[in-house]
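S.K.: Each residue of the sequence shown is one higher than the last, beginning at 3 in my numbering.
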Amino acid sequence: MPEYDVIFIAPPFRQGNETMWKQFDYFFPPYGMAQIAAYVREKSYSVHLIDCITACPDLNDFPRYFRENYTEKGIRARFYGITAVTPIINHALMIGQWVRESDPAATIILGGPHPTHMAGELIHHPAIDAIVMGEGELTFLELLEKQEWKNIHGLLFKTRGEDGQFSLVRNPEREQIADLDTIPLPAYDLVDVNAYKAPGYSHRGVPSMSVVTSRGCTGRCSFCSKVFHKVSMRSPGHIMEELRLLYHQYGIRQIIFYDDTFTISRERIIGLCERIREELPGLVWTCFARVDTVDAELLKSMKTAGCEHVMYGVENFDTNVLQMIRKNISVDQVFSAVRATQAAGIECRVSLMIGNPGETKDTIKYNMKMIRKLKPDYLQVLIFHPLPGAPLYQEWREEGRITAERWEDFNFTRPVSEHPNLTPKQIRSYYLRMYAAFYLHPRFIFNELLKLNRKAQWSRIYWGGRALLSFFFKNLRLLMKGGKP
Ligand code: B12
Ligand code: SF4
3 MPEYDVIFIA PPFRQGNETM WKQFDYFFPP YGMAQIAAYV REKSYSVHLI DCITACPDLN
63 DFPRYFRENY TEKGIRARFY GITAVTPIIN HALMIGQWVR ESDPAATIIL GGPHPTHMAG
123 ELIHHPAIDA IVMGEGELTF LELLEKQEWK NIHGLLFKTR GEDGQFSLVR NPEREQIADL
183 DTIPLPAYDL VDVNAYKAPG YSHRGVPSMS VVTSRGCTGR CSFCSKVFHK VSMRSPGHIM
243 EELRLLYHQY GIRQIIFYDD TFTISRERII GLCERIREEL PGLVWTCFAR VDTVDAELLK
303 SMKTAGCEHV MYGVENFDTN VLQMIRKNIS VDQVFSAVRA TQAAGIECRV SLMIGNPGET
363 KDTIKYNMKM IRKLKPDYLQ VLIFHPLPGA PLYQEWREEG RITAERWEDF NFTRPVSEHP
423 NLTPKQIRSY YLRMYAAFYL HPRFIFNELL KLNRKAQWSR IYWGGRALLS FFFKNLRLLM
483 KGGKP
């Protein structure tokens, strides 16, 4: 009977129907879990990974899928590791339950952003034996090495006393890995690399893949849910190994760097850009950055190394709101970063949040005015969401201000907390109007049409245009009359 040391499972995820992202319907491999898989495999443990989004996208089909492909073939594992973010935590628990039913002897471990922050609640679930809080590589290795659980840092587990009652043991935190070059490249051979799909804004019609080159961020935004509290980075040489593998072995031509702040170290990015220019001149890429980490020279270097698109988390233009969410950037920095990005020939997407603490109808109107003045190439609007792990989440939960009743509701389509100045309907209505004011504006449509002379843009404009029209059409009623500001 084939037995793996560990089978990792990523539950399926589809965006909620009412979000703009749903229209793009993009998905990438579970990066963190593929890194843990590579790490423990390097230490000689046998590993398998089920990414449900490609293997079994319908959650309710999982019992059949697992039975036919694993249980009936006698394939099992000593450990099952399941990952989860907040809106899919119940899916992860259901998968845990189904695995437990078909393999009662299994040890089932939960990890990832939501379990890290809500371990104390989740550990009570009967399907779960232990929860890994924070980085998974070293903690999982120690589990596989059969170290005594009470000595494994970063672990919360159940233990049964002599009276048969369970009690909980929460071990000290796991220290964050300082040198990320010690982690091997994600185990790409365990996923079907070509089955994934890039988001519309960066869909160039070429094979694309996500890459993460650092962990953590210097920002301390009060709404942000973070697994990594310190910043750790991979060196340009280590990143190049991954880019070369993706380019040559898997035919990938576009990378979406998903670091929280890709440009956190200027020197590292300049070094990486030099290497990309020399070794992979055909590669194009996009990234996320903070406006206070870029300058004209850096952006020029990024452009000549294939950078096509940068997204800045601006969140709001009102200085009072910015202070309340602890964004720690100024409106002047926003304007200089966006101007410098466009001057370098890189497209710029600005992300705003609506329904922030301190937000009023006036601040929303002010934001719409500032967007018209700033003229970014693309706009993203999110509804303010303090997720578990965010400093504001804990504070507001204790004060009873979180209104969402189910974890599935943390899907960015509706407010999850009460707002003193705005009703949920008003927030949703302004959210749609901000999108409509930007994307249905003649300036935006004209600029997109100008890009049609570049062949590479056709696929992107097709996918992006289709997504936008479908989004507006689905929300037409509220857009036309509901919650009129
Ligand atoms: C890339 C990314 C995506 C990608 C790909 C997701 C994927 N398939 O992995 C896309 C764009 C599709 C995406 C979508 C979403 N994302 Co996202 N995403 C990220 C991002 C930017 C990087 C993730 C990453 O690879 N990090 C690097 C790796 C190394 O870290 P990691 O994944 O946390 O894994 C480590 C540990 O958590 C732990 N671990 C993780 N899983 C497991 C499992 C086991 C068994 C063990 C032991 C350990 C373990 O060990 C890993 C290695 O040390 C993070 C922010 C961030 N910087 O992490 C947000 C983040 C993970 N996303 C988040 C959210 C909310 C979402 C969405 C729900 C948003 C939405 N409504 O669309 C969806 C959910 C999609 C999904 N299937 O999970 C939140 C989660 C917060 C929370 N409290 O749960 C984050 C933290 C962003 C944030 N600050 O709000 N996302
Ligand atoms: S919102 Fe962005 S800048 Fe702020 S802490 Fe999170 S990742 Fe960092």
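Using N, Cα and C, we set each Cβ at its ideal position, and we do this for glycine too.
On a predicted model such as this, the values are computed, not experimentally measured, just so you know.
With distances taken between CB atoms, is the gap from isoleucine 331 to valine 316 smaller than 9 Å?
M.R.: Result yes, Cβ atoms of isoleucine 331 and valine 316 sit closer than 9 Å.
S.K.: Does the Cβ of serine 46 have 16 or more other Cβ atoms within 10 Å, making it buried, or fewer, making it exposed?
M.R.: Answer is exposed; the Cβ neighbour count stays below 16.
S.K.: By the DSSP assignment, the alpha helix (DSSP H) with threonine 263 in it spans what residues?
M.R.: Threonine 263 -> no alpha helix (DSSP H), and no H or E assigned at all.
S.K.: When DSSP builds the beta bridges, which residues end up paired with alanine 132?
M.R.: Bridge partners of alanine 132: Ile111 and Phe159.
S.K.: Are the beta-carbon atoms belonging to isoleucine 11 and glycine 83 less than 9 Å from one another?
M.R.: Against a cut-off of 9 Å, the Cβ pair of glycine 83 and isoleucine 11 comes out as a contact.
S.K.: Assign leucine 478 to one of two classes, buried (16 or more other C-beta atoms within 10 Å of its C-beta) or exposed (fewer than that).
M.R.: Burial call: exposed.
S.K.: If you run the structure through DSSP and keep just helix, strand and coil, what is lysine 199?
M.R.: Three-state DSSP puts lysine 199 in a strand.
S.K.: Can you check whether the CB of tyrosine 249 is closer than 9 Å to the CB of glycine 284?
M.R.: Cβ distance < 9 Å, so glycine 284 and tyrosine 249 count as in contact.
S.K.: Rounding to the nearest angstrom, what Cα-Cα distance links aspartate 181 and arginine 430 in this structure?
M.R.: Each residue's Cα considered, the two are about 43 Å apart.
S.K.: Count the C-beta pairs between the stretch 227-236 and the stretch 206-218 that are closer than 8 Å, then say yes if the count reaches three, no if not.
M.R.: Enough Cβ pairs lie closer than 8 Å, so yes.
S.K.: Relative to the C-alpha of isoleucine 257, which residue among Thr295, Gly221, Pro209 and Gln396 is closest?
M.R.: When only C-alpha atoms are compared, the closest one is Pro209.
S.K.: Based on the DSSP output, what are the partners of serine 212 in its beta bridges?
M.R.: Paired residues: Ile258.
S.K.: How would you write the range of the alpha helix (DSSP H) that leucine 301 sits in, first residue to last?
M.R.: Segment 298-306, the alpha helix (DSSP H) holding leucine 301.
S.K.: Put cysteine 226 into one of helix, strand or coil per three-state DSSP.
M.R.: If DSSP states are grouped into helix, strand and coil, cysteine 226 belongs with coil.
S.K.: Which first and last residues belong to the alpha helix (DSSP H) in which serine 338 is found?
M.R.: Counting along the chain, the alpha helix (DSSP H) containing serine 338 begins and ends at 333-345.
S.K.: With DSSP run on the structure shown, which of helix, strand or coil describes leucine 170?
M.R.: Looking at leucine 170 - three-state DSSP - the assignment turns out to be strand.
S.K.: Less than 8 Å separating the Cβ of arginine 222 from some heavy atom of the ligand SF4?
M.R.: Arginine 222: yes, Cβ under 8 Å from the ligand SF4.
S.K.: Straight-line CA distance for cysteine 309 to cysteine 275?
M.R.: Cysteine 309 and cysteine 275: Cα-Cα distance of roughly 9 Å.
S.K.: Check alanine 86 in the structure and name its three-state DSSP category.
M.R.: Note: alanine 86 maps to coil in three-state DSSP.
S.K.: Let me confirm a value: isoleucine 266 is counted as buried when at least 16 other C-beta atoms fall within 10 Å, else exposed. Which label applies?
M.R.: Answer is buried; the Cβ neighbour count reaches 16.
S.K.: Glycine 122 and leucine 158: beta carbons closer than 9 Å?
M.R.: Yes, Cβ-Cβ distance for glycine 122 and leucine 158 is below 9 Å.
S.K.: Assign phenylalanine 29 to buried or exposed, taking buried as 16 or more other Cβ atoms, counted over all protein chains shown, within 10 Å of its Cβ.
M.R.: Phenylalanine 29 comes out buried.
S.K.: Following the continuous beta strand (DSSP E) through tyrosine 67, name the residue where it begins and the one where it ends.
M.R.: Not the beta strand (DSSP E): tyrosine 67 falls in the alpha helix (DSSP H), residues 64-68.
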